[in-house]
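K.L.:
Have a look at this one.
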Amino acid sequence: LIDTINFSFWTEDETKFRVTYKGTTYTGYFAACACVNRAIESGINLTDAKCMKNITTKDVEEIFTGDDGQIMPLCDLRAKAIAEAGRILLEQFDGSFYTCLKMCDRSAMKLLAIVVENFDSYRDYATFKGKKISFLKRAQILVADLHGCLHDKNDLGNFSDIADLTMFADYRVPQILAFFSVLKYSPKLEETLRSKVLLQPGSETEVEIRAFSICDLVKRYEELRTKSDRKVPRLTAVLADNLLWYRRREIAQDIQKKVEYHRVRTIYY
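Mapped onto the working numbering, the consecutive letters of the sequence shown carry residue numbers 568 to 836.
This is the structure:
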């Protein structure tokens, strides 16, 4: 469920979407998680496929309301994605995503294919100069999250090929890559980002930012493995992405002063 609505948490006026849950205040993605847990505790069976199938935009607006009454962006599209996921689970997977997990033979890439082939909201593709580009940010995060939660608890989630996943190209990891000068923006692009222009999903600029972020991260990862005196078998692009994502949150104010994130409204990230 949470990966189905894991997109576009930024707000137009730069105020953070905040939710206080059990005495702790959360923002962004973690605020969304808090909203889901809060709803489940209140008796809304959000993880049940039937509940998901019948959810409405009004339901989503009520569930994802912050401390100050602010409603999370794109609730209509979140409701559509949740309802679609519930319907597909009921029609094709016995009402449970666990069925998908059992079908993948402990393969991250097989599970990724199952998700993308069956759930429309996860089909994160773009066309760049006539070529189809696959980003699949949310689908890959879904697979990585399952691996992280289950690899030492349930063998079905101990994917043998987890290292084949790439970076999760969103609007935050490129920002920290640019902050550390791993990703270098042209003066023109820097000016565009500072002006807070809303980029169009699939535009050349947006695709380039996401694609170069993946390429740069993979390049650094491969260099580390090559130059290291010892093997680094546990270092994956997934782990590198997670480290950058959490680090970005830790030094968010410093980064924001130096580098703007690219703004785009989309269900894919």
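Using N, Cα and C, we set each Cβ at its ideal position, and we do this for glycine too.
For the beta strand (DSSP E) containing Thr591, name the first residue and the last one.
P.N.:
Working through the sequence shown from its first residue, we reach residue 591 at position 24. Unbroken beta strand (DSSP E) run through Thr591: Thr591 to Thr594.
K.L.:
CB Ser727 to CB Ser674, shorter than 8 Å?
P.N.:
As a working mapping, residue 727 is identified with position 160 in the sequence shown. As a working mapping, residue 674 is identified with position 107 in the sequence shown. Yes, the Cβ-Cβ distance between Ser727 and Ser674 is below 8 Å.
K.L.:
For Asn685 and Asp731, I'd like the C-alpha separation in whole angstroms.
P.N.:
What you label residue 685 is simply residue 118 of the sequence shown in a count that begins at 1. What you label residue 731 is simply residue 164 of the sequence shown in a count that begins at 1. Roughly 21 Å separates the two Cα atoms.
K.L.:
So, using beta-carbon positions, are Arg705 and Asn612 closer together than 8 Å?
P.N.:
The residue labelled residue 705 in the question sits at position 138 within the sequence shown. The residue labelled residue 612 in the question sits at position 45 within the sequence shown. It is not a contact, given that the beta carbons lie outside the stated cut-off.
K.L.:
Residue range of the beta strand (DSSP E) that Ile700 falls in?
P.N.:
Position 133 of the sequence shown, counted from the start, is the residue given in the question as residue 700. Ile700 -> beta strand (DSSP E) spans Lys698 to Ser701.
K.L.:
Among all the DSSP beta bridges, which residues are the ones paired with Val586?
P.N.:
As a working note, residue 586 is residue 19 in the sequence shown. For Val586, which the question treats as bridged, DSSP gives the partners Tyr593.
K.L.:
Kindly indicate which residue of Ser575, Arg654, Glu579 and Val740 has the alpha-carbon position closest to the one of Ser762.
P.N.:
For this step, residue 762 is matched to residue 195 along the sequence shown. When only C-alpha atoms are compared, the closest one is Glu579.
K.L.:
How about Ser688 and Thr833: are their beta carbons less than 8 Å apart?
P.N.:
Residue mapping note: residue 688 aligns to position 121 of the sequence shown, counting from 1. Residue mapping note: residue 833 aligns to position 266 of the sequence shown, counting from 1. With contacts defined as CB atoms closer than 8 Å, Ser688 and Thr833 fail to qualify as a contacting pair.
K.L.:
Quick check: what's the CA-CA separation for Glu629 versus Gly636?
P.N.:
Residue mapping note: residue 629 aligns to position 62 of the sequence shown, counting from 1. Residue mapping note: residue 636 aligns to position 69 of the sequence shown, counting from 1. If you take the alpha carbons of Glu629 and Gly636, they lie about 10 Å apart.
K.L.:
So for Leu765, helix, strand or coil by DSSP?
P.N.:
In the sequence shown, residue 765 corresponds to position 198, counting from 1. Strand.
K.L.:
What would DSSP say about Ala648, mapped onto helix, strand or coil?
P.N.:
Here the question's residue 648 lines up with position 81 in the sequence shown. Helix.
K.L.:
How would you label Cys782, buried or exposed, when you count the other beta carbons within 10 angstroms and need 16 or more for buried?
P.N.:
Within the sequence shown, the letter at position 215 stands for residue 782. Looking at its Cβ environment, which holds fewer than 16 other Cβ atoms inside 10 Å, Cys782 is exposed.
K.L.:
Please work out which residues of its chain come closer than 8 Å, Cβ to Cβ, to Cys600, disregarding the five sequence neighbours upstream and downstream, and give them in chain order.
P.N.:
Residue 600 sits at position 33 when you count from the first residue of the sequence shown. These residues qualify, in order along the chain: Ile569 and Tyr593.
K.L.:
By DSSP, does Tyr836 sit in helix, in strand, or in coil?
P.N.:
Counting from 1 along the sequence shown, the entry for residue 836 is found at position 269. DSSP, reduced to helix, strand and coil, places Tyr836 outside both helices and strands of the structure shown, so it counts as coil.
K.L.:
Do you know offhand how far Lys786's Cα is from His714's?
P.N.:
Counted from its first residue, the sequence shown places residue 786 at position 219. Counted from its first residue, the sequence shown places residue 714 at position 147. A straight-line Cα-Cα distance of about 24 Å links Lys786 and His714.
K.L.:
What are the boundary residues of the alpha helix (DSSP H) that Ala693 is part of?
P.N.:
For the purposes of this step, residue 693 is taken as the residue at position 126 of the sequence shown. Element bounds for Ala693: not the alpha helix (DSSP H) but the beta strand (DSSP E), Tyr692 to Phe695.
K.L.:
Answer yes or no: do Arg815 and Arg739 have a C-beta to C-beta separation smaller than 8 Å?
P.N.:
Here the question's residue 815 lines up with position 248 in the sequence shown. Here the question's residue 739 lines up with position 172 in the sequence shown. Going by C-beta atoms, Arg815 is nearer than 8 Å to Arg739.
K.L.:
Can you tell me whether Thr582 is buried or exposed? The criterion is at least 16 other CB atoms within 10 Å of its CB, across all chains shown.
P.N.:
Locating residue 582 in the sequence shown gives position 15, counting from the first residue. Exposed, because fewer than 16 other Cβ atoms sit within 10 Å of the Cβ of Thr582.
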